[in-house]
Amino acid sequence: MATYAIGDLQGCYAEFEALLKRLDFSPSRDQLWLAGDLVNRGPDSLGCLRRSVALDGAASMVLGNHDLHLLAVARGHGKLKRKDTLSDILEAPDRHEMLEWLRRQPLLVDDAERGCVMTHAGLPPQWSLAQANELAAEAEAVLRSDDVDAFLNVMYGNRPARFEPDLAGMDRIRAIVNVFTRMRFIAADGTLDFAAKEGLDSAPEGYAPWFTYPRADGLTLLFGHWAALEGQTPGARVDAQALDTGCVWGGSLTALDLDSGERISVPSRSADR
């Protein structure tokens, strides 16, 4: 049995299938961890989502910002953007079943035995694992409840930029979700910057990559979201494993073997499209 963590699919279904074939992946034997952003920008978001649903039981995933955008658009709380590739899902006869499955996925998964934690964007140094699990569960409960529309209606936004324990209502849920799904550069007090999305040299003054702040718990932190890192975390002061190697942008789709530490990649087929 092997367990593989795979970076952002973003609609790159052909590459996903090629990677599973290269891994000789068997859902009856092996496990997948999917780092979120299954959909959007790539050519086959529907294929990626359907395949992930079919792997349920053999795959654990975390929600990413593009997954949440899909949910918001599907429920009438957001609009398709020019570069979105979500129409095939929205027009699919099985959209309801897939979207209900998606909104019940977690924001955080962990493996205590391995000491591994996966979220889409990372784990801020201000949060212990216990606190992160509690906050993830709080936001997940809203997404899975009748309050989901109330949240998705106000999900888009950069305020508050820092999570505070006394935050309440949908501001609190938005702050939690933004940390788990949109974080890149942060200040020492945990304030998030939402503008800089490129490499490490694009850090705003007073901000640094979240993984350059130390932690004392020795966790291995698996994350996607930041394609510009190209799978590297220079200057990391924690064991942070960047999984998004930019398949949708012409890079590659990468799996990390959680037992051996080996990385296995297949090239993007964007040049063939």
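One gets the numbering used here by counting positions in the sequence shown from 1 and adding 1018 to each. Just so it is clear, CB atoms sit at the ideal spot from N, CA and C, and this is done for glycine as well.
For Cys1134, the enclosing beta strand (DSSP E) has its first and last residue at Cys1134 to Met1136.
Asn1176 is classed as exposed because its beta carbon has fewer than 16 other beta carbons within 10 Å across all chains shown. DSSP assignment within the segment 1044-1084 yields the following whole alpha helix (DSSP H) runs of 4 residues or more, N-terminal first: 1063-1072.
Shortest Cα-Cα distance from Leu1239 to any of Gly1217, Gly1279 and Thr1137 involves Thr1137. Nearest to Cys1265 by C-alpha distance, out of Phe1229, Gln1049, Trp1051 and Arg1059, is Arg1059.
Listed in chain order, the non-local C-beta contacts of Ala1032 below 6 angstroms within the same chain comprise Arg1287, local neighbours out to five positions each way being set aside. Cβ contact annotation for Pro1143 (same chain, cutoff 6 angstroms, sequence separation greater than five): Tyr1231 and Arg1233, in chain order. Between Ala1053 and Gly1217, the gap from beta carbon to beta carbon reaches 9 angstroms or more.
In the DSSP assignment, no residue is bridged to Tyr1031.
The alpha-carbon separation between Leu1089 and Arg1047 amounts to approximately 31 angstroms. Of all alpha-carbon atoms in Gly1029, Asn1083 and Phe1043, the one lying nearest the alpha-carbon of Leu1067 is that of Gly1029. Within the segment 1228-1281, complete beta strand (DSSP E) segments of at least 3 residues are found at 1238-1241, 1257-1260 and 1270-1275, given in chain order.
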